[in-house]
Amino acid sequence: LGYKSITMYKKSLLIIFCVLCLLSCRKDTMQYGDEAVNTAPFKEHLSVSEVKAWFNKEQASPAYKKALSSGSNSEFSIARLDFDLDSLHSVKAGDGNVLETNTGGQLKKSNFRYGFRKLVFYKDSAGSVHYNVYEFLPEIKYYFRSAGKINNDFTGDILIYDEHYQLRGGEKLVGGKLAAYIYPVQKTNETVSAKKSTAVITTCQNQQSNYTIYENGEAISVVYGYQVCTTYYIQDAIDNSHMPEDLGGGGLTNYPPPYTPPPLNVTFNPTPKIDPKKFMDCFGTLSDANAGYEVKVLVQEADPGTPNPHGENFVGHVALSLTKTAANGQSITQVVGFYPSSRSNVLSQGEIHDNGAEMDYNVSATFSVDGDSFRNIIEYIGGQTPMYDLFDFNCSSFVYYACMTGGIQLPSPNTTYGLTIPTGDPMTPMGSSQIDINMDVPGQLGAGLRASNQPNVNTNSGKSSPSHGPC
Amino acid sequence: MKGIKIVLLVIAVIILLVNLPPIRWFNYFYGEDYNYINYNGEYYCGEYGGKGSSFEGCKNKFNYYLEKHPEDVDQTIYRTFSIKPWQFWEWFQYVGKDRGRFRLPYISVETVQRNRIKENKPPLKD
Chain L
11 LGYKSITMYK KSLLIIFCVL CLLSCRKDTM QYGDEAVNTA PFKEHLSVSE
61 VKAWFNKEQA SPAYKKALSS GSNSEFSIAR LDFDLDSLHS VKAGDGNVLE
111 TNTGGQLKKS NFRYGFRKLV FYKDSAGSVH YNVYEFLPEI KYYFRSAGKI
161 NNDFTGDILI YDEHYQLRGG EKLVGGKLAA YIYPVQKTNE TVSAKKSTAV
211 ITTCQNQQSN YTIYENGEAI SVVYGYQVCT TYYIQDAIDN SHMPEDLGGG
261 GLTNYPPPYT PPPLNVTFNP TPKIDPKKFM DCFGTLSDAN AGYEVKVLVQ
311 EADPGTPNPH GENFVGHVAL SLTKTAANGQ SITQVVGFYP SSRSNVLSQG
361 EIHDNGAEMD YNVSATFSVD GDSFRNIIEY IGGQTPMYDL FDFNCSSFVY
411 YACMTGGIQL PSPNTTYGLT IPTGDPMTPM GSSQIDINMD VPGQLGAGLR
461 ASNQPNVNTN SGKSSPSHGP C
Chain U
107 MKGIKIVLLV IAVIILLVNL PPIRWFNYFY GEDYNYINYN GEYYCGEYGG
157 KGSSFEGCKN KFNYYLEKHP EDVDQTIYRT FSIKPWQFWE WFQYVGKDRG
207 RFRLPYISVE TVQRNRIKEN KPPLKD
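One line per chain: the protein sequences are L and U, in this order.
According to the numbering used here, the stretch in the first sequence is residues 11 to 481, in order.
According to the numbering used here, the stretch in the second sequence is residues 107 to 232, in order.
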């Protein structure tokens with residue numbers, strides 16, 4: 011209960027903050043040169059006092075004062091970044107360390123600000139202090155799953171700029187693993203290149219992405235390229251001819267440092283979670299001889315009659331009603347649905363709930379199946395409960411795959427939907443914006459069933475039958 | 107005075123926005139868990155943010171439970187949640203079709219556990 015309340019409180023604060031957050035901005039476009047910049051070897055140890063001394067000197071320089079007074083019309087300068095040197099902390103990098111601090115910069119993509127910017131100070135072999143600007147753009151689903159935190163399974167783009175805000179490169183990570191290098195867009199060509207060596211074919215596709223960085227009322231649009239390569243032989247490497255040499259090493263993939271989430275203190279709380287095996291085992295109490303088997307898919311659409319992922323029924327729900335009728339007329343029905351163990355998190359351990367007698371549905375589809383198909387479905391439900399992912403494996407996905415194991419092909423619940431996110435940005439209507447997210451949606455499954463016009467599909471509303479319960 | 111009026115107006119707009127679609131649809135993530143239980147914990151139902159289950163559904167399930175357990179000494183459905191009027195983002199629930207949930211009597215998990223002990227039932231576990 012304590013953890014739930016805290017998470018709920020944090021979510022509430024986030025929403026309030028988003029609504030309250032009124033930011034003004036104006037756009038500017040920066041072009042990048044393609045000169046190569048030497049990168050930090052991270053061999054030296056750097057202290058906070060050294061950075062502060064360097065910054066004091068920097069503040070006294072004419073260039074700093076000029077940048078401070080001329081605003082965004084001048085070249086990029088650390089003078090216009092919003093950061094606090096007292097919050098610098100040391101991170102091990104290579105044989106030495108770097109000192110990093112967050113800035114007030116926010117990265118915006120698809121009208122939603124969810125990326126952030128860091129300043130990373132390092133010392134070169136000559137003893138001079140330098141800094142790089144790291145910009146983190148999480149993949150949108152990762153952002154929601156990790157509640158905005160950067161963990162060591164980071165999925166998204168990390169872009170690294172030098173002191174002149176020239177893009178040096180970066181990495182596109184998937185699950186903390188390097189998926190592609192990022193490089194300044196001038197070096198990209200929208201072509202597909204094929205590179206051959208002995209028994210090796212690597213096909214690389216250059217792609218582009220973009221975002222806008224906001225800080226201190228200044229906005230800069232960034233376009234960058236990355237290369238996704240498919241290699242048909244393990245020994246060949248991706249074509250990194252336009253990458254700075256040291257980006258291929260382990261230094262960046264080890265950065266940012268792993269984040270250890272705090273331990274959860276979950277207190278006792280009764281939940282509607284059931285032991286699905288005990289529910290499914292009940293079917294075994296009836297004889298299989300000449301038994302009839304029925305599988306009913308119950309869909310509660312979030313916005314009844316539409317495929318929308320949210321509406322008056324919040325996110326909606328899909329459940330399965332399974333009935334076995336023995337030759338003597340005795341029957342058992344179990345109605346089950348798939349739920350997250352934590353509603354506040356996008357990704358959490360899944361759990362099965364008893365939806366018997368409590369679920370209102372808008373669309374249903376009834377299938378008569380044979381004993382083998384029915385057993386496959388109850389084994390799927392009674393087996394190990396998978397993780398719940400609000401986007402990729404939710405209640406509709408669970409029912410979809412459960413039916414598939416029984417040979418029932420349901421319409422796909424998968425769709426790409428423009429999710430409305432409150433941002434507090436006055437430039438967007440109602441302080442919210444839309445992000446396209448690919449996800450499984452009860453409403454999409456409902457729409458698919460409606461569109462099928464099959465006689466086994468019923469578009470009348472109804473209530474789920476009571477479950478028999480555990481055995 | 108004008109400043110106070112503006113602040114009050116902003117607060118009123120915020121309260122209104124979070125209680126109206128589309129923002130209130132995000133109540134799924136941060137909203138209260140409305141759960142119900144009977145005196146001995148043999149019946150339990152959670153609305154789970156409206157995900158498949160509703161207050162009506164839980165009452166329906168309770169009626170079905172009572173049919174199966176006519177021997178229960180207390181045939182009341184209780185709420186396990188406390189009423190928190192300061193949660194302004196939940197205010198739309200107080201005027202919605204399921205506002206009856208707030209009129210249910212409250213019972214704590216500890217009381218349920220004590221009732222179970224009286225009836226020689228094992229304590230509820232996670």
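Glycine included, every Cβ here is placed at the ideal spot set by N, Cα and C.
The structure displayed is predicted, hence computed values, not measured ones.
Simplified DSSP state of P72(L), which is helix, strand or coil
Of the three classes helix, strand and coil, the one that applies to P72(L) here is helix, per DSSP.
Item checked: Beta-carbon proximity of I192(L) to G235(L), cut-off 9 Å -> yes
| query | Run through DSSP, which three-state label would F401(L) get? | reply | coil
Could you check whether Y221(L) and K482(L) sit closer than 9 Å to each other, using their CB atoms as the reference points? This structure leaves residue 482(L) out entirely; chain L is present only between 11 and 481.
Using CA coordinates, which residue listed in Y150(U), N146(U), Y145(U) is at the minimum distance from D139(U)?
Y150(U)
Task: As assigned by DSSP and simplified to three states, the class of Q219(U) - done: helix
Should L114(U) go down as buried or exposed, given a rule of 16 or more other Cβ atoms within 10 Å for buried? L114(U) is exposed by the Cβ-count criterion.
Note to self: Suppose the cutoff is 6 Å on Cβ atoms and the five residues either side in sequence are ignored; what does the same chain contact list for F164(L) look like?
What the structure shows: L183, G186
Which residues in the same chain as D94(L) place their Cβ atom closer than 8 Å to its Cβ, once the five residues preceding and following it in sequence are excluded? Only T111 meet the Cβ criterion.
For this session: Below 8 Å on the Cβ atoms is my guess for N107(L) versus L177(L); work out the distance and round it to an integer in Å.
Result: Not really, about 24 Å apart at Cβ, beyond 8 Å.
> Relative to chain L, which residues along the stretch 186-198 of chain U have a C-beta separation below 9 Å, given in chain order?
Replying inline: T186, Q193, W195
(Q) Taking 6 Å as the limit between beta carbons, can you name the residues of its chain near K151(L), skipping five residues before and five after? (A) Answer for K151(L): F401, listed in chain order.
Along the chain, where does the beta strand (DSSP E) that runs through E181(L) open and close?
177-184 is the extent of the beta strand (DSSP E) around E181(L).
Query raised in the report: What runs of the alpha helix (DSSP H), each 4 residues or longer, lie entirely inside the stretch 282-310 of chain L?
Result: Entirely contained in the stretch 282-310 of chain L, the alpha helix (DSSP H) runs reaching 4 residues are, in chain order, 286-291.
DSSP on Y53(L), reduced to helix/strand/coil?
Rather than Tyr, the amino acid found at residue 53(L) in this sequence is Lys. Look at K53(L) here: in three-state DSSP terms it is coil, with no helix or strand label.
If you reduce the DSSP assignment to three classes, tell me which class L109(L) lands in. strand
Residue-chain proximity (D180(U), chain L), Cβ-Cβ < 9 Å
no
In three-state terms, what does DSSP make of Y134(U)?
helix
| request: Out of P319(L), C413(L), N300(L), A337(L), state which residue places its alpha-carbon closest to the alpha-carbon of I445(L). | output: P319(L)
Using the C-alpha atoms, what's the distance from K203(U) back to P286(L)?
32 Å
Taking DSSP as the reference, what is the three-state secondary structure of V373(L)?
-> strand
Quick one: is the Cβ of L123(U) within less than 8 Å of any heavy atom of the ligand ZN? Absent from the structure shown: the ligand ZN. Ligands present: none.
>> For the beta strand (DSSP E) containing A337(L), name the first residue and the last one.
In response: Membership of A337(L) in any beta strand (DSSP E) is not indicated, and neither H nor E is assigned to it by DSSP.
Practice task
Check the Cβ-Cβ distances between M344(L) and every residue of chain U, and say whether any is below 9 Å.
Solution key: Checking the sequence, you will find Gln at residue 344(L) rather than Met. Q344(L) does not count as touching chain U.
Task: Euclidean distance between Cα positions of D450(L) and Y398(L) - done: 12 Å
Worksheet item: Which whole-angstrom value is the C-beta distance of L308(L) and A412(L), which I expect to be below 8 Å?
Response: Not quite, the Cβ-Cβ distance comes to about 13 Å (not below 8 Å), so this is no contact.
Item checked: R460(L): contacting residues in chain U (beta-carbon distance under 8 Å) -> In chain order: nothing, as chain U lies at least about 19 Å away.
Point to revise | Backbone secondary structure at N365(L) - three-state DSSP | key: In this structure, N365(L) counts as coil in the three-state DSSP scheme.
Check: Using the beta-carbon count (16 or more within 10 Å), is V467(L) buried or exposed?
Finding: buried
Would you say the stretch 372-383 of chain L touches the stretch 291-311 of chain L, given that touching needs at least three Cβ pairs under 8 Å?
Here the stretch 372-383 of chain L makes contact with the stretch 291-311 of chain L; the two share three or more CB pairs at distances below 8 Å.
*Count the other C-beta atoms from every protein chain shown that fall within 10 angstroms of the C-beta of K108(U), then say buried if there are 16 or more, exposed otherwise.*
Counting Cβ neighbours within 10 Å, K108(U) comes out exposed, since fewer than 16 surround it.
Interface residues of chain U facing P480(L) [CB-CB closer than 8 Å]: Within 8 Å Cβ-Cβ: nothing; P480(L) doesn't reach chain U, min ~12 Å.
Run through the DSSP bridge pairs and tell me what R90(L) is partnered with. R90(L) pairs with nothing; no bridge assigned.
- prompt: Would you call the CB atoms of N141(U) and T182(U) closer than 9 Å?
  reply: no
According to DSSP, what are the bridge partners of L78(L)?
Its beta-bridge partners do not exist; DSSP assigns none.
Can you tell me which of G339(L), H327(L), V356(L), K334(L) puts its alpha carbon nearest to the alpha carbon of A347(L)? The sequence given here has Gly at residue 347(L), not Ala. That would be H327(L), whose Cα lies nearest to the Cα of G347(L).
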